[in-house]
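Single-structure report; data block below.
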Amino acid sequence: MHSLPSPCGAHLVARALKRHGVELMFGQSLPSALYLVVPENGMRQVAYRTENAGGAMADGYARASGKVSVVTAQNGPAAALLAPALAEALKASVPIVAIVQDVRRTQTDRNAFQDLDHFDVFRGCSKWVRRIPELSRIDDYVDMAFVAAASGRPGPVVLMVPQDLLTEALPQMPAEQRRASLGTYPLDRCSADPALVEQAARLLVTARAPLIVAGGGVHLSGAQAALASLQQSAGIPVATTVMGKGAVDETHPLSLGVVGYFMGTRSRTRHLRPLIDQADVILLVGTRTNQNGTDSWTLFPKSARFIHIDVDGLEVGRNYESLRLVGDARLTLQQLGEAVAAQDLTARRQATAGVAQAIAGGHATYRAEAAAHLSSAATPIRPERLMQELDRMLTPESVVVSDASYAPIWAASFLTARRPGMRFLAGRGLAGLGWGFPAALGTKLAQPASEVVCLTGDGGFAHMWSELETAKRMGIKVTVIVLNNQILGYQWHAEDVLYGGHTDACQLAPVDHAAIAKACGCNGIRVETAEAFAPALQAALASDTTTVIDVVTDPRAFPPITLFEGRLEG
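Residue numbering for the sequence shown follows the numbering used here, beginning at 348 and increasing consecutively.
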């Protein structure tokens, strides 16, 4: 029940959101008028504890659902707290509509309570920022927001709604002038120049040693099947970035695994470096060719010829001059697959067995090299042992969400994508600590039938453990594995390598994360021996309540980061 005028501006906003397929919104009580009327349109409010967590929930939901997500906040400090989450989404190309309640229109620039220049706050972390000026333009601006978020390179947008606009009365509910539903992405698929696609096909087919490197854009476009088809039909090996993990089945004989800045000792792809060094034509798909994905731009041979597929023309050729295939990844890969199929593939197919043999040999050497750590019964526990136990229990439908720092590297290196499209989500846009747990909650809401596992360190989890109460209150079940080594591991180890010592801030006090989970009404299990982890994980996966498995891990352990090779012992 409420005393708002019926209808009013809030009803118009809610109706527009429903038209775009919005089923739930992440937000606290504000904008109050909007949340009082959204139940009338069949939408659900998911109330977070902090705005930066709410933004990460919206991020995870959008990545896992293929839909534009909606997050809300009030003006001032709440709006400012959204900025980090939107910045991650901007760099990772994730479409979010952030609805921010603004001060009343008559109070603008009068030092009203919590008034702030939101245009300046959001300009650097969003694609588009607008303020609805009047009731008659609500549908126009809501539609523009969804188009801006979902078209071209997806990303977050901000739509500011004055408080008085939401409560402004209407004599009657106006007839809908707009009918389009714009809430899925990619909104507009465009294909690359057919002549350039034909040229790319000839380059790949006639190459001596072609290689495909798939990034997160493959997932955003839903291009996994098209990529898998090209891999199989043309016999071209495929590697992925961290964001692209799961773009192909990693058990396929032509799948290398994740490449980039962690190809050191115990890496799945360490012994496949010759396949990269020898590549003469490299097809980049949906990747920003960023520092981590290219090992500081040293990974690929300078003599290689590059082909780059991306919907954002600014990314094509940014770091590697390329044949430019600017277009949607799925459409362009389908075109490319057809063009390749029309070529004489005799030579390519003859080379396939040798490439597959080289990949199998590299993976076998990796398994032998990492065997002692993968089966280690040491105390404190080795993260590699945990990853092996987790990998055994994952199914092709599982979703793994990793926080920043070491967590996504452990996942990328030691977990296995068992089908094209298996999701391993990671906050690699800006890689801010704390993203993982709330993103996992959003992911579970998007895929309620999937088992969602969050992998995080104790440093990152501390940023967001307040959302355990959200998980309990909203009935969202995920399994959280906390790698509790009582240090900021990446920072500690990197400082030791780069500066010969580390700062005091890297050392953390002991925390019982299982006890915190129990205090919030969730399940909590403390694991101090390697043998205890598998039973704890089985119990967590079988539960219908969020479970935190607090695992005491070895602070000396570090993943196979190339920078650390030969410079750290652990």
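Here a beta-carbon is modelled for each residue, glycine too, at the ideal position from N, C-alpha and C. Predicted model only: the values in this text are computed from it and were never measured.
- Arg729 and Thr900 have their C-alpha atoms roughly 6 Å apart.
- Sequence-distant Cβ neighbours of Val544 in its own chain, meaning closer than 6 Å and more than five residues away, are Gln682, Leu683, Ala686.
- Take Asp675, set aside five residues on each side of it, and the residues of its chain with a beta-carbon closer than 7 Å to its own are Pro533, Arg536, Cys537, Ser538, Ser568, Val658, in chain order.
- Taking each of Asp596, Ile828, Val504, Gly807 in turn and checking the Cα distance to Asp406, the smallest one comes out for Val504.
- Put simply, the backbone Cα of Val702 is about 31 Å away from that of Val748.
- Of the candidates Met507, Gln454, Leu741, Met507 places its Cα closest to the Cα of Arg470.
- Within the DSSP secondary-structure output, Thr587 pairs in a beta bridge with Ala561, Val605.
- A Cβ-Cβ contact shorter than 8 Å links Leu780 with Gly806.
- Counting only the Cα atoms, Gly917 lies some 42 Å from Ala425.
- Counting C-beta atoms within 10 angstroms of its own C-beta, Pro557 has 16 or more neighbours from the protein chains shown and is therefore classed as buried.
- Contact between the segment 693-708 and the segment 869-882 is absent: fewer than 3 CB-CB pairs across the two stretches fall below 8 Å.
- Contact between Ile623 and Val606 holds, since their C-beta atoms are separated by about 7 Å, short of 8 Å.
- Here His655 is bridged, per DSSP, to Leu631, Arg671.
- The alpha-carbon of Leu680 is positioned some 20 Å away from that of Val589.
- Here the alpha carbons of Leu482 and Pro755 stand approximately 45 Å from one another.
- For Thr817, the enclosing alpha helix (DSSP H) covers residues 814-821.
- The beta carbon of Leu517 sits closer than 8 Å to the beta carbons of Pro352, Pro354, Cys355, Gly356, His358, Leu359, Leu482 from its chain, once the five residues preceding and following it are set aside; these are given in chain order.
- Shown here, Trp475 sits in a strand according to DSSP, grouped into three states.
- For Leu381, the enclosing alpha helix (DSSP H) has its first and last residue at 379-384.
- Setting aside the 5 residues that flank it on each side, Gln578 is surrounded in the same chain by Ile559, Pro584, Val585, Val595, His599, Leu601, Ser602, each with a C-beta closer than 8 Å to its C-beta; the list follows chain order.
- As DSSP reads the structure, Gln448 sits in a beta bridge with Val508.
- In this structure, Ala439 and Gly708 do not form a Cβ contact; the two beta carbons are roughly 34 Å apart against a cut-off of 8 Å.
- Under the criterion of beta carbons closer than 8 Å, Val417 and Ile446 qualify as touching, at roughly 6 Å.
- Per the DSSP secondary-structure output, Asp897 pairs in a beta bridge with Val829, Arg873.
- A Cβ-Cβ distance of about 7 Å is found for the pair Ala786 and Gly774, placing them in contact under the 8 Å criterion.
- For Pro424, DSSP assigns no beta-bridge partner whatsoever.
- Per DSSP, Gly701 is not a residue of any beta strand (DSSP E); the alpha helix (DSSP H) it occupies stretches across 693-721.
- In the displayed model, Ile443 falls within a strand according to three-state DSSP.
- If you check the CB distance, Ala434 and Asn399 do not come in under 8 Å.
- Of the other Cβ atoms in all chains shown, fewer than 16 fall within 10 Å of the Cβ of Trp644; this residue is therefore exposed.
- When the alpha-carbon of Leu855 is set against those of Ala862, Asn831, His840, Val628, the nearest one is in Asn831.
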